[in-house]
Each structure stands twice: as C-alpha cells, then as structure tokens.
Amino acid sequence: MIDLVWLIPLLPFIGFLINGLGRNVLPKPLIGTIASLAVIGSFAISLSIFLTFDAAQPQVIHLFDWINVGSLSIPFAFQIDQLSIMMLLIITGIGSLIHIYSAGYMSHDTGFGKFFAYLNLFVFFMLLLVMGSNYVIMFIGWEGVGLCSYLLIGFWYSNGAYADAAKKAFIMNRIGDLGFLLGVFLIISTFGSVSFTEIFPKAAGMVSGDATLILITILLFIGATGKSAQLPLFTWLPDAMAGPTPVSALIHAATMVTAGIYMIARSNILFALSPVTLDIIAVIGLLTAVVAAFIALTQTDIKKVLAYSTVSQLGYMFLGLGVGAFTGAFFHVLTHAFFKALLFLGAGSVIHAMSNEQDMRNMGGLRKKLPITFLTMLIGTIAIAGLPPFAGFFSKDEILAHVYEHNKLLWIIGLFGAFLTAAYMFRMMFLTFWGNFRGTEDQKHHLHESPVSMTFPLIVLAILSIVGGFMGVPHALGGHHWLNEYLSPVLAATNNILPALSLDHATEYMLMGISVGGVIISIIIAYVKYVSKGYVPKEEELQSGISKLSYNKLYLDELYTAIIQKPLDALSAFFFKVVDKSGIDGLVNGLGKVSIEASKTLRLLQTGNVGFYIFAMVIGIVAVLVYSFIII
Amino acid sequence: MSLFYVVAFLSIIFALLVIFTKNPVHSVLYLIATFFTFTIHYIILNAQFLAVVNFIVYMGAIMVLFLFVLMLMNLNTDTEPMKSTLLKVVGAIAGGCLLVTLVGSMKTLSSASTTAMDNTGIGLVENLGKVLFSDFLLPFELSSILLLAAMVGAVLLAKKDNKTA
Amino acid sequence: MSTLIVISILAIVVLYLGLFKAKQALLPISVLGLVAALALAIMEWNSNAAPIFSGMMHFDNFAVAFSSICIITTILVFLLSKNYFEKISDNVAEYYTLILFALSGIIVMVSYHNLSMLFVGLEIMSVSLYILAGIKRKDFASNEAALKYFLMGAFSTGFLLFGIALIYGASKSFDLAVIAQYVIDRPTGIDPIFYVGLVLMIVGLCFKVGAAPFHFWTPDVYEGAPTLITAFMSTVVKIAGFAAFLRLFSICFAPLQDFWMPTLLVITILTLFVGNITALYQTNFKRMLAFSSISHAGYMLFAIVALGAASTNAIFIYAAAYAVSSITAFAVLMLVKAKTGSENFEDFNGLAKSNPFLAFALTVAMLSFAGIPLTAGFIGKFFVFNAALAQYHTWLVAIAVVNAIIGVFYYFKVIVAMYFKDNQTKQIATPAYFNFVLGVSLIITLVLGIYPSFITNLF
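Residue numbers (this note's numbering), protein chains in the order written: chain E, 185 to 816; chain S, 9 to 173; chain W, 762 to 1220.
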C-alpha cells in the first residue's frame, strides 16, 4: 500500500486541475463531487497505510532527484512515519468532511468552481508539507498553503477589507517564512543536507545547547510563529476570518495553522537539544494563549471568538512543545482539529441560517431552530473547555501536567487561560443559542436548519470530539496512552534526552480536579451573566475599562502599523521623492533653488536630470574608490 | 621630458577653455587646439599612425563638421543654456573629488613602477598594421558591425518618417 | 563563431529584405535565422573549443549556455514584435536589424577572451540600444530615454575603457589568459594601477548591469523606451552584462577576491535595498519592473560576490528564470497598455475575469519574481543563496531574504489588482503569437521550478 503513497497528494492535485480548468463549464454538483472524491480517495489510501504501517523506521519514498548542487542533493521524496500518518489522516479526513460541508455551504456562490479548485490545491500543498522527506519539500508545501490561504481569505474580494486581510495574512506569513528559510539555509551549511533521515541522526550526536542548533531552532520557531499565529505575528488569523467559513475550519483551525507545531514535532531532536529555544517557545506559547483568550472574552463576532480561541489553543500547543511534551502537543493538535473544525462548521451553519449575520448581539435563542447545530456545537464547546470525558480534556490535561512539572508559575498562568477558555466559549454559546432572538424579522423568518450535507460533517466531528480523547488516556486514569506508544519511534531520540513525566497519580488527580473545578466555575459565571441576567454586550460598554483593551485587541494592530508599516512607508516615500524623482526636484528645489522661468523648465528638467544622475554616479565612483583603496 | 610637460600643460589649459568659454564656436576652436596638443603627445610617444589619424580625422574632419553645424544653426552668439551656478559648483566639486580620489588611490598603493615599453616601434604604421591584421583581426572586422549599426541608426533617426508615433 | 556569423549575416539579410519591401518575410526569416544560430550554438556544447583568432574568442560551454539563453529570449521578444514596429514607423526592417546587431554584440560579450573584444561587443550592443530606445521619434519620453541612455552610457564606457587601459598598462596584454597568469604569478607586488583598473572596470560593468549607485539611468530609460525594447533591454542585455561580468571575474580576477569582494558586497547590498524599497512606492507597473530589475541585478551580483564553482550555474539559472518571467510581464503589459493606454497598476484591475489566461501567466511570473517555490524564480534564488552560503556569507543571505520579502509586497500588488479588484473591462484580444510566448514562458517557469535538474548540472 505504501507504494501508492504518491497518489495521496496527486488526487487533490488532479481535482484542482479538473475544477480549475472546468470551473465555468462543469455543473456545480459535479465539481463538488470531484473535489470531495479526490480528498476522500486520499483519505482511503491514508487509512489503509495507517492500518498496515508497522515499521519502526520512517519509510522514504523517493520520486525523483529534484535539485543537485555539488554535494547537496535534494530529492523529491515523501517520508511516511507515524507522525506524518497521523497528519495525513487529519488532513484528508477532516478535509473530506469539510469538502462535503462546503458543497452545501457554498451552493449559492458564483465562485463555486474556483472555491473547490483552491480548496483542492490547498489540500495538495498541505499534504506536501507533511509528507516531504526534507525541509525544502516542506517549505514548498509551507509556501503553497500560505498562497492558497491568501487566495481563499480574499475569496470574496469584492469587499476591500477582505482583500486587505488576505494581503496581511500573506505578508505576516512571509515574515515567518523568512525565519524558516534562513533556518533551512543554516541547516544546509551545518549538516550539508536537508533530508530528515540524514539530519536527525547527525543532530542526535551533538551536545545539548550547541549554539548553531539554538540559532537554527530559533529561526525555525520564527517560521512557526508566522504560520501558526503566535505572538507577535498572530494578528493575521482573526482577520483571516474574512474567508468563507469552511476555509476557516479547514485552514485556520484544523490544518495549516498546526503546520508550525508539526514542523517542530518533526524536528523534535533539534529542539530537544536546544533548551533555550524550548524555554522561549514555552513563554511565547503561554503568552499567546492568555492574550488571545483575554481578547476573545469581549469579541462579538462569532467567528472572531473562534479565531482568537484558535490562536489561544495553538498557544497551548506551543506551551506543550516548550515544556517537552511533544506527544501532548501533538495530541492537542489532533483533538483540537476535531472540535475546532466542528465549532467553525457549526458557526458556519449558524451564519448560513442567519443570512450571513456574524454578530452574536443579533442572535440568541437559536437552539430550538437549529437543534443539530446546537447540540454538536455544545459538544464542541464542552470539548474545548476541557470537561471529561470529551477530547479536549485529555490533551489539555496532558500539556498542563507537563507544565506543572516544568514550572509551577507557568502552570498557574496556563490554568488561568484554560478557565478563560471555558468562559468565552460558553459566553459564545449562551449569546448565540440561549435568550431571545435579537435579529431582524426578516432573518427570523428565514431561520432554518442546514441541509444534510452540512449537518452530516457536524455529527461526525461531534462524535470524534467525544471519543477522540480516548487515544491518549493517561495511565493515571487506567489507560495506556495509545498515542504516546504509537508516536514513540518518531520521538525515540528525544525521549532519551528529555525526562519523562514523573508525577505520581495523586498529583495528577489533583491537577485534573483543579482544572475541571475551575472550568465548571467559569461556566457557571458565564451562565449567570449571559443567561440568568440576559446580558448582551453593548458597543459603549465594550469601549470602557478593561474590556476596551480586550475589545480592541490590545491595540496590537495599531502598534504594528506605527512601528513597522509607517517607517517603511516613509522610507519608501523618501526614496521615491528624493532619490527617484530627484533630478531637478530633489537637487535644485531641495537645495532651495526654484526653477526660474516656466518656458525653460522643460529643458532645465532634462539637462538637470542627466546632470544629477551623472553627479550621483561620480559620487558613487568616488565612494567606491575611497572604499576600495583608503578604507580597506 | 620638458616638452611633455609643456604640451601637457597646454592640453589642460585648452581643455579648460573649452568648458569655460561662452561662445560655442570658440569652444569648438579650443577643442581643436586640445586635439592638436594630443597629436603632439602621440608623436612624442612615437605613435605615428595615431598622430596622423588624430590630426586628419578628429581635427580635420570631425571638428570642422562640428563647426559647420554650429554655424548653420547660428549658435555663434552667447546662447549657452541656462545653468545655475549651483550646478556648476556641484559639478566642479564632484569632478574634483574624482580626480583627488583617483590620484589618491594610486598614491596609497605605493608609487607605480614606470613600465618601460618592450618595443618602442609598436606605434609605427607598419607594426600597427601587422598587429591589426593578424592578432586583432577579429575585433577589427567586428568593428564593421559597430560602424554599420551606427550608420543604420543615424540614417534611421535622421530620415523622414511618415508615420506618427 | 558560426553563431556570430549567422546572426551578423541575418541582420544584413533583414536589412535587404526591408529594401525590397518584403515586410511579411521579416519576422519569419529573423526567427528562422535565430533558430539556426541557436542550433549552431548548441552544437558547440562540450566541443572543448580552444580560443580562436589568436585568443580573441573562446566559445566554451559558458559562452554556449549564455548565447543560447540570449538567443531564445530574443526569439521570444521577436514573436511579441508582430505588428509592433509597424505602428511606430515605416522602417520596420531597420529595427529588426538593430536588434540583431545588438544580439551579435551580445554574442561577442559572452564569448570574449580578450578585453578588446569585450569592448567592441559592448559598444555594438550599446550603440544599437541607444538608437532602439529612441525609435519613437515623436514621443518625448522615448527621445529623453535615448539621450539619457547615450550620455550616461558614454560616460560609463569611458570608465570601462580607462580600466581596461590601466589593466593593459600593468599586465601588458588584453588577453584574459595572460592577465590571469599575471595575477597568479604575483601573489604580492601586482602593479597598483592594476587595482585601480580593476575598480574602474567594476564601475563600468556595474553601470551596464544597472547596479546601485550606477542605476540611475535604468528607471528613466526603461520607462521611456518602447515597451518591447525595454523587454529586450531588461532581459537579454542584462543577462549579457552579467555573463561578461562573471566571465571576466572568474577567469582573471578570482585570486584577487579579497580585494574586490568587499566593494562588490557593498554594491550588492545597496542595489538590493534601493531596488526593492523604491519599487514599493511605484504606481506605474513598468517603472516597478525597472526597479525590480535593479533588485534582480542585486541577486545576481550575489553569485559574483561569492565567486566560486557554483557561480556560473547560479547566475545561469537565475538569468533563465528572470528572463522568462520578465518576458511574460512585459508581454502582458504591452497588451494592457494597448487596451487602456496607460501602465498603472489600476489598469490590471479585473484582468482575472476578462482574461484568465493572461492573469494566470502574469501571476506565475510574479510568483517567480518573488521566489515562491515550484517556480523557476525559487530555484534561481535558491542557487544564488546557496552559492553565497558556500562562501559563508550567512548574514548577506539574511539581508537578501529580507529583501525577497519586501519584493513580495509589490509583486503582489499586481496579483491583488488582477484578482481582488473589479473593473468593468472587456476582454483584451490576445494575438496567437502572444499566447504562444506566454505559454512557452509559463511552461519554462513551471518546469524549471518543478524539475530543475534539466539545467542545474550544466556546468
């Protein structure tokens, strides 16, 4: 079966070609079917590989030699091991569900064909990212998913703000990519290779705390902060909610944003040997988790709440990585993919029913009108809040247990963030589904439960959100943590370096008790505020006190504009005005001489220009000579 | 050697006059004088052919052509295009800087050893002809393309064209 | 050598065709002649040719590779010229002739083995270009471009010539092999004027390739010249300039790397920043391309700064990627300009709706410029950076990567305009020739991006 592995990315790519070329020709149902079948086919192959794969060593499937420069050889090859198989299942599995859902959700959209073409292309690149057997192939996927994300965020481009959001996402991602690319170049010059199977054994022989390794891992982590929306580069993700909701579910919740975690988990040995980097990751992850949760508390747009919640959960994953809980972080990737995709799709279903209304202040009381959506979303919310035995409980608990052992202060802050999570998620649920309907008559009249193609994925994801956690039941609760054993070949080298979790069961029970208790209290507070008292946030209240800070996203966007964008614009304007438009404007006007007679201006402009250029050249030559002979 | 200094001094004086004089016709006349001093340089260097070519072609043909064009355009009065003193100063500073750094560069790198010519007769017509038609045959022939391109271009730019574009 | 002869004769044949008013035959014959020249060039591959004509010219693999890429790009430019010159002037044949003359100069520039040949080749190319830049005689901008180009070109040629003269003064030869031997024979005690000559040659060559601070002519000339000529200048001419630059430095001056590398390093960094940052602000697409060409010159200079075994390959791949993407960009620009009459970013609004293929081709070209993987541009950048890393210029690579990211901003402006902005424009009619050129460029860009092994191991 493993010989067919090249089919996994190829199928979505064929889907992309067919839908891309035939987007205006083929009928909509056919487009939806082709796109979905392509991903389902990949899922089937992934599943069969999952069932048959039992090698302890990663299998590298060599397709062709891509780049050969001197001693450096970069093959176009795929690597199949436990880590990539799990990612394949998530991408193709959840991808299939979201494709099916989109067929219903996007059915009225004129860009139907284009949408599915992009979606298939995204799946293709995402698969390249996780299957690549070296950093360069991974980088191709990395850039490709960024591109598709850009195209899909700006999908409804007739809205100018959406196009800006797309651009912001792409540019922030590129800043991260800068780090990644430099990291890859540094890997090339350090190890003379980019293939995982060659680098990791070499790295395992290095000493812990090696300066080069620390630099490499920091650069890679910068790459991860861009793609996985961590401080300081997370502001693009909430804006990315401009895209259609299935896109938010697939790209900005379940798959692409976890690429950073995948990359670090893939390079676990490099990070395990760089304790400094791990500490940085832990702190950044924790800060992101808490800051995003804080912002989510006051958002009124249902998708924005989920977006900040995603950022916050990604922060937990990084926190997990930072304290060495690679399995725990990856576990959270899996469970988060289930419940966050579910929540986004549920939110999409709500938005669909509400005729594209996203503001929760205009919702309320929807639980009777949308029973399936309500129930499934409730399951998702419980899962993310971390109540047992739902999926989020196990993964979050595992991360927090590691954090507790690592550093008590981090644990307290992390726990606080977890309580915030429960609070804002239930706030969202209460505002949306409880109370009285606050929308317009027109919207009320229009309310309806979504079609089967949309509710079916919700139900499947809800089931997964319930049972997904059982793949990692800790020993304390009588399980044997299947995921941990499954991933152990990938993490073998790291497990030799980093200490295993050594909490006794009593401490674990205490940690679980505290977190569950706190979550329940948070839910009760939210219930009292939003259901019993029927509170609905108003614009002016959000603009006062501490909620002002939260509502305005801590003014991070404004801060970035002020410290990065403005100086760059100014510099560019300077070059444009002074150097480029120089000629007479820069030289003569700039030095105070005003052109004398209008009739002669034209002529003056010409000679003045060339004169200035030659002057600048001469200065350049002088500078070169001085630099070559006198300074050096 | 003293002859060299005298001629070199004259070259510089005439070259400066080309720039400083206001009347374009005078300017061209000074240029001719400058070229004449160059011819003397070539003779001092025993480069007969260059001297003759410089004398006949540059001074005799090209500069006279210049002069005729200037006269036909009736530019013999002070019609120097308006240039601000600022530009002049800037130009002088830039040129001066270049000169100083060039000289300075040579100085920094210790003084150059004077290279004696291996073959003092290299500039004679016979020798030059031999080199040009043996070793340097290819560049010599390729120059024809250069000339042809320039000719085609000159005709193209000067020829009347009915299309407006 | 036979390539050079074929191109020169072709130019004269075309001139005669013009005389006999055989206008329809001009384009087919030019293209066929170039294909023949290309075939002759490729036949020389691996023939281990020795320098010919008393060491004037050496048609080695380097020359074959760069002549081929220049000829192919010229063919693409010619295909875009269908009906282009006719609109400008009656004397169409002369324009083809001049481009072919320029190309013959370029062939000399990539295969020279003697500094006198370098100079002659450079002048043949430059003189033809001065005229070509000004062929729109009634257009003020075109005249201005030609005059500026001529004045500044003459100025810089003076420096180049002075440099050659000083190097001759020290080494007593124009021959590259002799100069190289001169350098090798004297680990210390090279005549000081040799160094000054070297720096002056750097200045002259940097002007020709448009590197900062000698780039001032580029934007004005590129903007003012007719678009087709700009396409020719920013691709073929620029590549030839780099080939000549690299050839001189790798053969003659490699042992002196410690001396010239810091200077060139500063020039490279300056070029990258000036090109990229100024391009950010442009609203005119053609002017943006001019500045982007400056920044690409910066990337290619990289490979010369980090002169080594991999440099030739790196520049070759970068040049190939850059050439095809530029041709695409200019081709689309010509079509858009013919339609709207201007060259601003807004003119591209809604192109994705009206002409999906044009928009797609241009998008791929822009992605390639920006160095996004799976396009040829990424491979080019990868090789150039890798060559630099091989020489441990890690922080230089860091600067370049920062610049590559700045580049994304303005390349994406076009994509945003085409895909994310609406405009009620009718479809632009694309002639078959254009579709062919765009298709070929697109395929080359993607094939090189996905399977670059074709050309990565040529040298």
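Positions of the beta carbon are idealized from the N, C-alpha and C atoms, including for glycine. Only a predicted model underlies this, so the values are computations on that prediction, with no experimental measurement involved.
Using a Cβ-Cβ cut-off of 7 angstroms, state whether residue 16(S) counts as contacting chain W.
no
What residue from 938(W), 968(W), 1176(W), 1084(W) has the CA that sits closest to residue 1124(W)'s CA?
1176(W)
Should residue 704(E) be counted as a contact of the ligand NAP given a C-beta to heavy atom distance under 6 angstroms?
For the structure depicted, the ligand NAP is absent and the ligand set is empty, with no information on it obtainable.
Limits of the unbroken beta strand (DSSP E) element including residue 246(E)
243–253
Within-7 angstroms CB hit, residue 102(S) to chain E:
yes
Residue 221(E) versus residue 334(E): straight-line alpha-carbon distance, rounded:
A direct Cα-Cα distance of roughly 24 angstroms separates residue 221(E) from residue 334(E).
Contact set for residue 566(E): own chain, Cβ-Cβ below 6 angstroms, skip 5 residues either direction
Same-chain partners within the cutoff: 574.
DSSP bridge partner residues for residue 412(E) (one or two, in chain order)
Residue 412(E) is not bridged to any residue.
By Cβ distance below 6 angstroms, which residues in the same chain neighbour residue 533(E) in space, the five residues on each side in sequence not counted?
557, 634, 638
Give the DSSP-derived three-state secondary structure of residue 379(E) in the structure shown.
strand
Look up residue 317(E) in the DSSP assignment and say whether it is helix, strand or coil.
coil
By DSSP, does residue 497(E) sit in helix, in strand, or in coil?
helix
Is DSSP giving residue 719(E) helix, strand or coil here?
coil
Is there at least one Cβ from chain E nearer than 7 angstroms to residue 951(W)'s Cβ?
no
Consider the Cβ of residue 1216(W): report whether some Cβ of chain E lies at a distance smaller than 7 angstroms.
By this cut-off, residue 1216(W) is not an interface position.
To the nearest angstrom, how far is the alpha carbon of residue 299(E) from that of residue 305(E)?
10 angstroms
Got a sec: is the Cβ-Cβ distance from residue 327(E) to anything in chain W below 7 angstroms?
For residue 327(E), the answer is yes, since a Cβ of chain W falls inside 7 angstroms of its Cβ.
For the stretch 799–812 of chain E, which residues have a CB atom closer than 8 angstroms to at least one CB atom of chain W, in sequence order?
800, 801, 803, 804, 805, 807, 808, 809, 811, 812
Contact under 7 angstroms by Cβ, residue 106(S) with residue 806(E)
yes
Can the beta-carbon of residue 425(E) be found less than 7 angstroms from the beta-carbon of residue 350(E)?
no
Can you pull the chain W residues whose beta carbon is under 7 angstroms from the beta carbon of residue 885(E), in chain order?
Residue 885(E) is absent from the structure shown; chain E starts at 185 and stops at 816.
Leaving out five residues on either side along the sequence, give the residues of the same chain with a beta carbon under 7 angstroms from the beta carbon of residue 862(W).
772, 885, 889.
Rounded to whole angstroms, what's the CA-CA distance from residue 357(E) to residue 837(W)? Just pull it up for me.
35 angstroms
When Cβ atoms are compared, which residues of the stretch 34–68 of chain S fall closer than 9 angstroms to chain W?
none
Exposed unless 16 or more other CB atoms sit within 10 angstroms - verdict on residue 241(E)
exposed
Counting only beta-carbon atoms, is residue 97(S) nearer than 7 angstroms to chain B?
Any reference to chain B falls outside this structure, whose protein chains are E, S and W.
By the three-class DSSP mapping on this structure, what secondary structure does residue 863(W) have?
helix
Does the pairing of the stretch 905–917 of chain W with the stretch 979–991 of chain W give three or more beta-carbon distances under 8 angstroms?
yes
Rounded to whole angstroms, what is the Cα-Cα separation between residue 602(E) and residue 1032(W)?
50 angstroms
Of all the CB atoms in chain E, is at least one closer than 7 angstroms to the CB of residue 916(W)?
So, interface residue.
Using a Cβ-Cβ cut-off of 7 angstroms, state whether residue 450(E) counts as contacting chain W.
Closer than 7 angstroms: no.
Do you know how far the Cα of residue 1016(W) is from the Cα of residue 369(E)?
27 angstroms
Nearest-angstrom Cβ-Cβ length linking residue 969(W) and residue 883(W), presumed shorter than 8 angstroms
Contact flag correct, Cβ pair sits at about 7 angstroms.
Using beta carbons (cut-off 7 angstroms, strictly below), is residue 1024(W) in contact with chain E?
At least one chain E Cβ lies under 7 angstroms of residue 1024(W).
Rounded straight-line distance, which links the Cα of residue 478(E) to that of residue 712(E)
About 19 angstroms.
Any chain W beta carbon closer than 7 angstroms to residue 153(S):
Interface criterion met: the Cβ of residue 153(S) is under 7 angstroms from a Cβ in chain W.
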